[in-house]
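Participant: If you're matching positions, the first sequence starts at 6 in our numbering and goes up one per residue.
Note that beta-carbon positions come from the ideal geometry of N, C-alpha and C, so glycine has one too.
As the structure is a prediction and not an experimental result, all values here were calculated from the model.
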Amino acid sequence: MPELPEVETIRRGLEERVMGRMFEQVEVLLPYLIKSPSVGEFIQQLQGKKIERVGRRGKYLLFFLSGEYVLVVHLRMTGQINYVKSDEALHQKTYIILTLDNGYQLRYIDPRKFGMFFLLRLNQLNEIPGLRNMGPEPLEEEFTFGYFESLLSGKKRKIKALLLDQSAIAGLGNIYVDECLFLAAIHPERMAGELTSIERRMLFNAIKQVLREGIMHRGTSSQDYFDVEGEKGTHQEHLKVYQRKGNPCYACGTPIIRQVVAGRGTHICPQCQPEKKDAT
DNA sequence: ACGTTGACCTGTGTGC
DNA sequence: TGCACACAGGTCAACG
Numbered sequence: 006m007p008e009l010p011e012v013e014t015i016r017r018g019l020e021e022r023v024m025g026r027m028f029e030q031v032e033v034l035l036p037y038l039i040k041s042p043s044v045g046e047f048i049q050q051l052q053g054k055k056i057e058r059v060g061r062r063g064k065y066l067l068f069f070l071s072g073e074y075v076l077v078v079h080l081r082m083t084g085q086i087n088y089v090k091s092d093e094a095l096h097q098k099t100y101i102i103l104t105l106d107n108g109y110q111l112r113y114i115d116p117r118k119f120g121m122f123f124l125l126r127l128n129q130l131n132e133i134p135g136l137r138n139m140g141p142e143p144l145e146e147e148f149t150f151g152y153f154e155s156l157l158s159g160k161k162r163k164i165k166a167l168l169l170d171q172s173a174i175a176g177l178g179n180i181y182v183d184e185c186l187f188l189a190a191i192h193p194e195r196m197a198g199e200l201t202s203i204e205r206r207m208l209f210n211a212i213k214q215v216l217r218e219g220i221m222h223r224g225t226s227s228q229d230y231f232d233v234e235g236e237k238g239t240h241q242e243h244l245k246v247y248q249r250k251g252n253p254c255y256a257c258g259t260p261i262i263r264q265v266v267a268g269r270g271t272h273i274c275p276q277c278q279p280e281k282k283d284a285t
């Protein structure tokens, strides 16, 4: 579920609430979610650590802790982090409970049990493969048009597959990729290396715009995404193609179609996003 | 080296 | 209603 705008919304919610707090108690109800170290060490090392800052890299949440430790969390498809009073009833799908020193808990909820937790030293962060190979942050200065062009140039790969690749650009997922390609009027099966210079520029701008709007609307809630207070985002009300199959395109009225591209459900306006670039 | 496919695990929606 | 099946926002290992 959560892509960059959703994870960023969660990060902001957490930072507001848990900066400076200490983990008093750690309960792990589903051990395999802890990828490293062992569950025993995870619990023992996390207890007593203070949260100095909450960061984000792509779709990973990073809790920077005292003693140069970092708690890394990936929500995968259906993970949620709730900030609730310790005496609130437990949601049935709660698998990790982190009790803070202010009477509140961070509770990790995950119906599909796909999430990943790591506790590492600051200097070990790149031992997580997904972090080591992560591409640039698309909303930071490091993501330049020059970099984007070098990424596409000569690539015989569908543009959608490339945009979903976290080692190319950090944080894009299926929803925002479909939205970006629509905004740039590019068919998802076009080969990355064959986009015109105007199309590359359009797509570069679309990535930044779509992600910024997603954050502004506090994320897209189609079913499982909620922020730390359990609130939904509102960006689903602003989607142009994602999950609009059969509905008229806002630009031209043509019904939006859905097909599988790069192994993912993909939403396209066949009129605005033609398969082949016009030879004119 | 690169690109595509299946697996991970569970819940929900659809069609018969 | 019951049931089977497709599908779900992500990532990684295992293929060709």
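Helix, strand or coil for Thr-83? Go by DSSP, reduced to three states.
Facilitator: To locate residue 83, count along the first sequence from 1; it is residue 78. Three-state DSSP puts Thr-83 in coil, outside helix and strand.
Participant: Under a Cβ-count criterion, where at least 16 other Cβ atoms within 10 Å of its own Cβ denotes burial, should Val-265 be classed as buried or exposed?
Facilitator: As a first step, residue 265 is located in the first sequence; it is residue number 260 there, counting from the start. It is exposed - the Cβ of Val-265 has fewer than 16 other Cβ atoms within 10 Å.
Participant: Which class does Thr-14 belong to by DSSP, given the choice of helix, strand or coil?
Facilitator: Indexing the first sequence from 1 puts residue 14 at position 9. Thr-14: helix per DSSP, three-state reduction.
Participant: Residue range of the alpha helix (DSSP H) that Met-121 falls in?
Facilitator: By 1-based counting over the first sequence, the position of residue 121 is 116. Taken as a continuous stretch (DSSP letters only), Met-121 belongs to no alpha helix (DSSP H), being part of the beta strand (DSSP E) at 121-126.
Participant: Mapping DSSP to helix, strand and coil, what is Leu-216?
Facilitator: Locating residue 216 in the first sequence gives position 211, where the first residue counts as 1. DSSP places Leu-216 in helix when its eight states are reduced to three.
Participant: According to DSSP, Ser-41 sits in a beta bridge with which residue or residues?
Facilitator: As a working note, residue 41 is residue 36 in the first sequence. Ser-41 is bridged to Phe-123.
Participant: Between the C-alpha atoms of Arg-205 and Gly-72, what's the straight-line distance to the nearest angstrom?
Facilitator: Within the first sequence, residue 205 is the residue found at index 200, counting from 1. Within the first sequence, residue 72 is the residue found at index 67, counting from 1. Taking the straight line from one Cα to the other gives about 44 Å.
Participant: Smallest Cα separation from Ala-211: which of Arg-223, Leu-200, Glu-194 and Phe-187?
Facilitator: For the purposes of this step, residue 211 is taken as the residue at position 206 of the first sequence. In terms of CA proximity to Ala-211, Phe-187 leads the group Arg-223, Leu-200, Glu-194 and Phe-187.
Participant: Per DSSP, which one or two residues make a beta bridge with Glu-8?
Facilitator: Here the question's residue 8 lines up with position 3 in the first sequence. In the DSSP output, where bridge partners are listed per residue, Glu-8 has none listed.
Participant: For the beta strand (DSSP E) containing Leu-103, name the first residue and the last one.
Facilitator: Indexing the first sequence from 1 puts residue 103 at position 98. Leu-103 -> beta strand (DSSP E) spans 99-105.
Participant: Is it right to say Ala-284 is buried, meaning 16 or more other beta carbons lie within 10 angstroms of its own, or is it exposed?
Facilitator: As a working mapping, residue 284 is identified with position 279 in the first sequence. Caution is warranted here: a pLDDT of 44 is assigned to Ala-284, below 50, making its placement in the model unreliable, and the coordinate value is therefore given only provisionally. The residue in question, Ala-284, is exposed, as its Cβ has fewer than 16 Cβ neighbours within 10 Å.
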